[in-house]
Each structure stands twice: as C-alpha cells, then as structure tokens.
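Numbering (the numbering used here), first residue to last: 2 to 263.
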C-alpha cells in the first residue's frame, strides 16, 4: 500500500519527487520504529498508542517539534489514503493531538531497553531481587501509580479473577487486570515475603528487608537504580515507567499493556 500511496501522490496530487520521497521516508520510519512489516502485518492493527510512542521516540532522538509534526502530517495523509481506498476502517491518528512547540512529551524507556532489563539475569533469586523485579513490572505492565503500589495490600490480590484492587486518586478504587505472568511473579514473591514478614500479619504487599511496609523513597531508588543499567535518560522515576508505552507491535515478551495511562 505504501508504493501505491506514493504513486498517488506523484500522479494524482502532482507532488515533486523530493516531496514524495519525504512522505515515503516518514511512513517507513514509523513502520520501522514499531517493528511493523507492511508486507506481512495488517495495517488495521496499528493503534494510537503506537503513534504516540513513535512521536515520543523521534523527539527523543533530537527531532524538533516542527519536524515531528511534519512527519505526523505524512502519516495522516497515508491513513487518509488508506481510508479512501477501503484498506482500513479506522484511523489511529484520529485521537492524536500534534505536539505543541516548547511542550515536552513524557520521558519513556524504549521497549528494547526494558526487555533487556526484565529478560536478563540481573535480579537475584531472593526476597530483594524478586521484590524489585515485581515493582518494575507492575509499573511497566499496569501503569499503576506510585501511591497505589505503596498502598497495595496482600488481600487485594484476587488470583481466581486475575485482578488487583488498588486505591487511586481521591481514594477511589480501581481494578487492574492481573496477567498470568505477573501472577506467577507475585506468587514467587509471596513465598520469600513470608520469611521477611517479622510481624506476621503485616498486610502491605511490599516490604523492606526488615519487614516494614515499603515507602516512596525506596521505590524511587529501586526504579532509578535498575533503569540506570539500561537507559541514559536524565529522569528515571516510577512515572517514566508509567509513561513508557508497551506496544504489542514487535513485542517479544507477548504481554499486553492493558491499562493505558493516557
């Protein structure tokens, strides 16, 4: 479809060779950034999250807001063509707001960097290692807030229904889906937690090595220390993980990011 789109721009729209090439480069860059193969993958599977990820990525690579908006315009033109031709029925760019000049997009960690961290043998097979890994994966895969993670209690994990209840802003309860892979990690953590729970009755899910409830500064240290191993981002906070878009496109871990933070 990309070839026919470029032919349309040249023949029907009368664009110059240079302009047509620029449109093609922009669309191809988008495909490459999310690991999409237009020869094998369906264009209808592209989501607005992937477009947002792409915008964040190109700006993080040094492109100006003006350049990012130009590339976004190329992608919009491509999808208008696809809709006209009936190749897709929905437009993932309909929900995309162009970045404004001077407004920074949220910092994020690349999927490949997170995979490198979470798939490595970096985490020790003990209480601290399993706890730290679980903290990172909960932020990354659920978009849970720092206050929600710190306030999580053991009794709010419902394994049969594969869900976790958390108290969010305004003391409102939210229910997060619990992916089977996370459930396994939580069960493993709970085994080690039993040995650390000195008070024998502490309901906080996350504990320090002394058996006390975890606190925000420690969570920050856990996140910053581990992210420092895979990224040079200046900001390495829990919120960076919340804003990291975990995409199904090109995902080698096969776990869906199921709670959008946008």
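All residues carry an ideal CB built from backbone N, CA and C; glycine is no exception.
key: Sequence-distant residues of the same chain with beta carbon closer than 6 Å to residue 158, five excluded per side   = For this step, residue 158 is matched to residue 157 along the chain shown. Closer than 6 Å at the Cβ level, and outside the excluded window around residue 158, lie 165.
message = Which residues does DSSP list as the beta-bridge partners of residue 164?
response = Counting from one through the chain shown, the residue named residue 164 turns up at place 163. Per DSSP, 159, 178.
inquiry  = If distances are taken between C-alpha atoms only, which option among 49, 71, 188, 43 comes closest to residue 25?
reply    = The residue you call residue 25 lines up with position 24 of the chain shown. Among 49, 71, 188, 43, the Cα nearest to that of residue 25 belongs to 71.
ask   = Pick from 62, 34, 75, 134: whose alpha carbon is nearest that of residue 7?
value = Looking up residue 7 in the chain shown gives position 6. The residue with the shortest Cα to Cα distance from residue 7 is 75.
inquiry  = How far does the alpha helix (DSSP H) with residue 29 in it extend, from its first residue to its last?
reply    = Residue 29 sits at position 28 when you count from the first residue of the chain shown. Element bounds for residue 29: 18–34.
message = Can you check which of these residues, 154, 170, 45, 28, is closest to residue 77 by C-alpha distance?
response = What you label residue 77 is simply residue 76 of the chain shown in a count that begins at 1. Residue 28 is the option with its Cα nearest to residue 77.
ask   = Do residue 69 and residue 84 have their C-beta atoms within less than 8 Å of each other?
value = Start at 1 with the first residue of the chain shown, and residue 69 comes out as number 68. Start at 1 with the first residue of the chain shown, and residue 84 comes out as number 83. For residue 69 and residue 84, no; Cβs fall outside 8 Å.
message = So, at 6 Å on beta carbons, what are the nonlocal neighbours of residue 128 in its own chain, with the 5 sequence-adjacent residues on each side left out?
response = Position 127 of the chain shown, counting from 1, holds the residue named residue 128. Setting aside the 5 residues that flank it on each side, residue 128 is surrounded in the same chain by 193, 197, each with a C-beta closer than 6 Å to its C-beta; the list follows chain order.
task = Assuming residue 100 and residue 66 form a contact by the criterion Cβ under 8 Å, report the distance between their Cβ atoms to the nearest whole angstrom.
result = Looking up residue 100 in the chain shown gives position 99. Looking up residue 66 in the chain shown gives position 65. Between residue 66 and residue 100 the Cβ distance is about 5 Å, and since that is below 8 Å, they are a contact.
query = Using the C-alpha atoms, what's the distance from residue 52 back to residue 96?
reply = Stepping through the chain shown from its first residue, residue 96 is reached at position 95. Stepping through the chain shown from its first residue, residue 52 is reached at position 51. Roughly 10 Å between the two C-alpha positions.
Of the listed residues 173, 161, 136, nearest to residue 190 (C-alpha basis) = Locating residue 190 in the chain shown gives position 189, where the first residue counts as 1. The candidate whose alpha carbon is nearest that of residue 190 is 136.
query = Would you call the CB atoms of residue 207 and residue 215 closer than 8 Å?
reply = Counted from its first residue, the chain shown places residue 207 at position 206. Counted from its first residue, the chain shown places residue 215 at position 214. Contact: yes.
request  = Can you say whether residue 258 is buried or exposed, counting buried as having 16 or more other CB atoms within 10 angstroms of its CB?
outcome  = Here the question's residue 258 lines up with position 257 in the chain shown. Note on residue 258: pLDDT 37, under 50, position unreliable in the model; the coordinate value appears next. It counts as buried.
task = Within its chain, find whatever has a CB closer than 7 Å to the CB of residue 169; leave out the 5 residues flanking it on each side and keep chain order.
result = Translated into the one-based positions of the chain shown, residue 169 becomes position 168. Correct list, in chain order: 146, 149, 175.
query = Hey, residue 182 and residue 160: beta-carbon distance below 8 Å or not?
reply = Stepping through the chain shown from its first residue, residue 182 is reached at position 181. Stepping through the chain shown from its first residue, residue 160 is reached at position 159. Taking 8 Å as the Cβ cut-off, residue 182 and residue 160 do not qualify as a contacting pair.
Top-ranked residue by Cα proximity to residue 30, from 79, 130, 167, 98 = Against the chain shown, residue 30 aligns to sequence position 29. Nearest C-alpha to residue 30: 79.
task = Express the C-alpha separation of residue 177 and residue 163 in angstroms, rounding to a whole number.
result = Residue mapping note: residue 163 aligns to position 162 of the chain shown, counting from 1. Residue mapping note: residue 177 aligns to position 176 of the chain shown, counting from 1. One C-alpha to the other measures close to 9 Å.
query = In whole angstroms, what separates the C-alpha of residue 130 from that of residue 171?
reply = As a working mapping, residue 130 is identified with position 129 in the chain shown. As a working mapping, residue 171 is identified with position 170 in the chain shown. The straight-line gap from Cα to Cα measures roughly 32 Å.
query = From residue 36 to residue 89, what does the alpha carbon distance come to, in whole angstroms?
reply = For the purposes of this step, residue 36 is taken as the residue at position 35 of the chain shown. For the purposes of this step, residue 89 is taken as the residue at position 88 of the chain shown. Each residue's Cα considered, the two are about 19 Å apart.
key: Contact check, residue 155 vs residue 220, beta carbons under 8 Å   = Working through the chain shown from its first residue, we reach residue 155 at position 154. Working through the chain shown from its first residue, we reach residue 220 at position 219. Not a contact, by the Cβ cut-off of 8 Å.
key: Coil, strand or helix - residue 93 by DSSP   = Along the chain shown, one-based indexing puts residue 93 at 92. Residue 93 falls in the helix class under three-state DSSP.
query = Where does residue 38 land, buried or exposed, given buried means 16+ other C-beta within 10 angstroms?
reply = Within the chain shown, numbered from 1, the residue matching residue 38 stands at position 37. By the 10 Å Cβ count, residue 38 comes out exposed.
task = Give the secondary structure of residue 143 by DSSP, where H, G and I count as helix, E and B as strand, and everything else as coil.
result = By one-based count along the chain shown, residue 143 stands at place 142. Three-state result, residue 143: helix.
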